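Worksheet: one structure, shown below.
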Amino acid sequence: MLKQLLVLLIVPFILCSCVKHNVEEISFSSWGSITETSIINKLINDYEKQNPNIKINFIHIPQNYFQKIHLLFASSTAPDVIFINNLYLPVYASQLEDLTNFENLSDYYPQAVNALKYDGKLYAIPRDISNFVFYYNKEITGEINPDWNLCDFEKLIQAITTKQHFGVSFEEDVYWASPYTQTLGFDKGIKFYKNLEGKYAPTPAQTGSSTQAQMFLDRKLGLYLSGRWMFPKISETANFKYGIVTFPGTVTSDASGWAVSKQSKHKTEALKFVKYMSSKESIDYFTDTGLIVPARIDSSKKIKEHAFIDAISKSVPNHTDKNFNKTRDKLNKQLFK
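For the sequence shown, our numbering puts the final residue at 390, and the numbers step up evenly by one.
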């Protein structure tokens with residue numbers, strides 16, 4: 054009787070120990086604001102409830118993200134799953150798993166998928182797609198016809214530039230000039246873009262310590278070139294009627310998504326987590342917050358501001374190389390400094 058009692062006490066203990074021992078931990082890194090990380094943590098909690106044998110170690114890197122990822126790769130401690138964008142992907146492509154055969158890629162906008170390819174191989178499953186659009190102050194510009202062209206744009210900013218406000222925003226950066234260079238070609242586009250500064254757009258001296266976004270919110274800009282990432286701030290802060298319209302030409306598509314490290318010792322679990330994060334349910338949750346334009350076609354139906362979706366059809370994937378940042382810095386010094 055005593056032996057039977059001991060067996061009854063010991064067996065549950067052994068079973069519990071085995072369950073605990075079988076829990077696998079995978080690491081996942083991402084940048085993001087407080088709002089974004091709260092979404093990620095919520096999804097992780099739900100995933101762990103659905104998969105009690107998996108523990109997600111979320112590594113939040115709010116600043117100098119890629120510098121720190123670089124150090125983690127160098128020390129062979131790279132996260133199993135890495136949130137990454139197309140601008141930096143070429144630097145790490147050789148250290149990422151090829152996801153070209155990932156299931157249901159037709160569910161995503163091809164511009165987003167192609168932006169996350171390098172040398173013909175897909176290295177990240179897209180979460181979002183990003184294109185430049187114009188936010189505009191209707192009290193200054195009036196309604197803008199979405200079928201406008203660059204000539205219409207030039208006439209408009211000429212008409213609305215006054216002593217009280219500028220026609221359009223301006224950043225001394227070739228990246229922000231990309232819609233103009235994509236539309237007109239690099240040389241003509243850069244010339245067109247640079248001619249805006251001081252004429253229809255503010256110079257650094259005129260901008261002072263303000264950002265272009267703040268100047269727009271302060272009613273000092275008729276048109277503000279930016280992306281979906283500014284939508285929450287503008288929608289919550291603007292105290293005037295505003296609209297959103299596509300750029301009057303061609304823009305590039307950038308994308309962010311989830312990659313799997315070749316260093317990972319838990320590739321099966323890492324891929325399963327990527328499938329969960331890229332599912333319609335998860336992407337719908339991201340989309341509902343207003344933070345992203347989803348790369349999933351089915352989730353994009355939730356976007357009420359059609360300019361963001363219309364911009365995708367006018368875009369081409371933005372392919373960079375390993376020297377993107379060096380080239381960008383070099384061009385900025387040559388063109389703007």
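By construction, the Cβ of each residue, glycine as well, lies at the ideal position given by its N, Cα and C atoms.
No experiment lies behind these values; they were computed from the predicted model shown.
Suppose only complete runs of 4+ residues qualify. What are the alpha helix (DSSP H) ranges in the stretch 193-268, listed by chain order? 203-213, 231-237, 239-247, 257-260
So, using beta-carbon positions, are I114 and K108 closer together than 8 angstroms? no
Own chain partners of G310 with C-beta closer than 6 angstroms, once the 5 adjacent residues on each side are dropped: L169, A177, I178, P179, R180
Would you list the residues sitting across from E78 in a DSSP beta bridge? K108
Nearest to L324 by alpha carbon, out of Q116, E150, Q235? E150
Going straight from the alpha carbon of A312 to that of F300, what length do you get? 30 angstroms
Could you pull the start and end residues of the alpha helix (DSSP H) that I362 belongs to? 359-366
Report yes or no: do the stretch 341-357 and the stretch 277-293 share at least 3 C-beta pairs separated by less than 8 angstroms? yes
Should E322 go down as buried or exposed, given a rule of 16 or more other Cβ atoms within 10 Å for buried? buried
Helix or strand or just coil, what does DSSP make of N139? coil
Proximity to T303 [Cα-Cα], best of E250, N292, I365: I365
Alpha carbon to alpha carbon, what distance is there between N378 and Y118? 14 angstroms
Between S314 and L96, how many whole angstroms is the CB-CB distance? I'm expecting something under 8 angstroms. That belief does not hold up - the Cβ atoms of S314 and L96 are roughly 20 angstroms apart, past 8 angstroms.
Does DSSP put F185 in a helix, a strand or coil? coil
Can you tell me whether A168 is helix, strand or coil according to DSSP? helix
Check whether the stretch 291-300 and the stretch 157-167 are in contact - that is, three or more C-beta pairs closer than 8 angstroms. no
Would you say the stretch 268-277 touches the stretch 206-224, given that touching needs at least three Cβ pairs under 8 angstroms? yes
Taking the beta carbon of G251 as the centre, do at least 16 other beta carbons fall within 10 Å, making it buried, or is it exposed? exposed
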